[in-house]
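To keep things clear, I will list the structure first and then write my remarks on it.
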Amino acid sequence: MSEIADKVKKIVVEHLGVEESKVTPDASFIDDLGADSLDTVELVMAFEEAFSVEIPEDAAEKIATVKDAIDYIEKQKAA
Amino acid sequence: MFNLQGKTALVTGASGGLGAAIARALHAQGAELVLSGTREPALAEVAASLGERVHVCAANLSSGEEADALVGKAEALLGKPLDILVNNAGLTRDGLIIRMKDEDWSQVMTVDLESPFRLCRAALKGMLRRRGGRIINIASIVGVTGNGGQANYSAAKAGMIGMTKSLAQEVGSRGVTVNVIAPGFVETAMTAVLPDAQRDKLLGSIPLGRMGKPEDIAAAVVYLASEEAGWVTGMTMNVNGGMAMP
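As given, the protein sequences belong to chains U and X, one line each in that order. Numbering-wise, the first sequence is residues 0 to 78 according to numbering that gives the first Met the number 0. Numbering-wise, the second sequence is residues 0 to 245 according to numbering that gives the first Met the number 0.
Here is the structure:
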């Protein structure tokens with residue numbers, strides 16, 4: 000697992016207070032991890048801070064799963 | 000009751016009569032304060048009269064950039080996060096709509112409505128993370144009732160009431176409360192300019208028979224800022240001597 004994926008997972012575990020085993024790539028923040036709409040906004044803000052990236056609103060809306068977040072951040076970091 | 004020891008608060012418009020009274024009341028309950036306003040000497044005077052646990056951070060809230068930066072600056076002065084935000088700064092540019100200039104409209108909207116939005120947005124980041132906070136917006140009775148000659152001001156204050164209710168719904172799950180106080184006619188520099196005839200007429204419409212004192216409003220702020228008000232959010236608190244009972 001990449002360093003980014005590791006860090007994303009850690010942020011999700013910390014923020015949502017869920018067990019690490021549940022934070023699989025396909026896990027949906029809202030459907031599987033119990034996040035509400037404000038949680039998803041806070042997660043995006045936490046990602047922005049942790050990775051020093053900017054995630055615009057239209058991109059943030061498409062980040063629904065753990066993998067979505069990892070892919071987006073990896074793409075930003077590679078660019 | 001209403002102990003604010005260990006809490007931090009930012010009060011905008013703190014050099015004005017109402018803002019200074021709010022600052023005094025929060026300070027008396029033990030809060031550590033950041034006073035903001037445009038007139039630095041006046042702020043320093045209020046700060047000096049309070050003594051310890053007070054910082055001054057001048058800002059011109061007509062500027063979006065300064066409004067955006069204020070919470071961060073306040074937290075830097077405090078050396079800790081902000082618990083209580085009191086959006087008290089405001090100005091009037093009275094006139095009948097038919098004669099109202101564009102800038103009289105936009106200036107009131109910018110300072111009285113847009114800057115509280117910017118300050119709320121900035122303060123919320125920390126409050127959400129810490130799962131708690133108090134936002135208290137100071138609107139006006141005219142935001143509820145309207146007032147001929149104050150279309151801009153009453154629109155901004157009515158906007159503030161709507162914003163408060165929306166925000167209260169957005170962040171309630173995180174233990175952050177957002178309330179708005181609608182003061183009636185309080186003796187401040189803002190109302191000192193009213194002609195005597197209008198003042199007498201106003202007094203006649205106040206069941207409690209007197210103008211408000213800044214302390215009447217400050218007491219409401221202390222309540223809403225307290226732990227005891229933890230189940231109150233999205234409320235418009237009418238502190239007006241009974242002049243309007245919406």
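Note that beta-carbon positions come from the ideal geometry of N, C-alpha and C, so glycine has one too. Here the structure is a predicted model, which is why all the values come from computation and not from measurement.
Identity of the residue in the options nearest residue i by Cα
i: X:Ser139; options: X:Val33, X:Leu84, X:Asp111; result: X:Asp111
i: X:Ala8; options: X:Met159, X:Ala75, X:Arg173, X:Leu193; result: X:Ala75
i: X:Ile96; options: X:Gly147, X:Asp82, X:Gly89, X:Thr109; result: X:Gly147
i: X:Gly94; options: X:Val107, X:Thr163, X:Glu227, X:Ala243; result: X:Val107
i: X:Met262; options: X:Ser14, X:Ala20, X:Gly29; result: Residue 262 of chain X falls outside the range modelled here, since chain X spans only 0 to 245, and no answer is possible.
i: X:Leu223; options: X:Ala191, X:Ile160, X:Val177, X:Gln168; result: X:Val177
i: X:Gly16; options: X:Gly171, X:Gln168, X:Leu60, X:Glu186; result: X:Glu186
i: X:Leu123; options: X:Ser204, X:Glu51, X:Val192, X:Val175; result: X:Val175
i: U:Lys6; options: U:Asp30, U:Ser51, U:Asp35; result: U:Ser51
i: X:Gly131; options: X:Val143, X:Ser172, X:Arg209; result: X:Ser172
i: X:Ser14; options: X:Gln4, X:Pro40, X:Leu25, X:Thr163; result: X:Pro40
Spatial neighbours of residue i in its chain, beta-carbon cut-off 8 Å, leaving aside the 5 residues before and after
i: U:Val22; result: Lys8, Val11, Val12, Leu32, Val65
i: X:Ala47; result: none
i: X:Val238; result: Ile180, Ala181, Pro182, Gly183, Gly211, Asp215, Ile216, Ala219
Which residues DSSP lists as bridging residue i, in chain order
i: X:Leu9; result: X:Val33, X:Leu84
i: X:Pro182; result: X:Val238
i: X:Gly132; result: X:Val175
i: U:Ser27; result: U:Thr64
i: X:His26; result: DSSP output for X:His26 lists no bridge partner at all.
i: X:Gly78; result: According to DSSP, X:Gly78 bridges with nothing at all.
i: X:Gly211; result: X:Val185
Reduced DSSP category for residue i - H, G, I as helix; E, B as strand; rest coil
i: X:Arg98; result: helix
i: X:Asn146; result: coil
i: X:Asn2; result: coil
i: X:Asn59; result: coil
i: X:Ile140; result: coil
i: U:Val52; result: coil
i: U:Val22; result: coil
i: U:Val17; result: coil
i: U:Gly33; result: coil
i: X:Gly18; result: helix
i: X:Val231; result: coil
i: X:Gly125; result: helix
i: X:Gly71; result: helix
i: X:Val247; result: As shown, chain X starts at 0 and ends at 245. That puts residue 247 of chain X outside it, with no answer to give.
i: X:Ala89; result: At residue 89 of chain X the sequence reads Gly, which differs from the Ala that was named. The answer is coil: DSSP assigns X:Gly89 none of H, G, I, E or B.
Contact set for residue i: own chain, Cβ-Cβ below 6 Å, skip 5 residues either direction
i: U:Pro24; result: Val65, Lys66
i: X:Val33; result: Leu9, His54, Cys56, Ala73, Leu76
i: X:Ala20; result: Pro213, Glu214, Ala217
Residues near residue i by beta carbon distance below 7 Å, same chain, minus five either side
i: X:Arg92; result: Asp103, Gln106, Val107, Asn151
i: X:Leu81; result: Thr7, Leu9, Val70, Ala73, Glu74, Ala122, Gly125
is_contact[residue i, chain C] using C-beta, thresh 8 Å
i: U:Leu32; result: Given the protein chain composition of this structure (U and X), no chain C is represented.
Inspect the CB distances between the region 59-69 of chain X and the region 111-127 of chain X and report whether three or more fall short of 8 Å. yes
Are at least three pairs of beta-carbons, each pair with one atom in the region 152-159 of chain X and one in the region 195-206 of chain X, less than 8 Å apart? no
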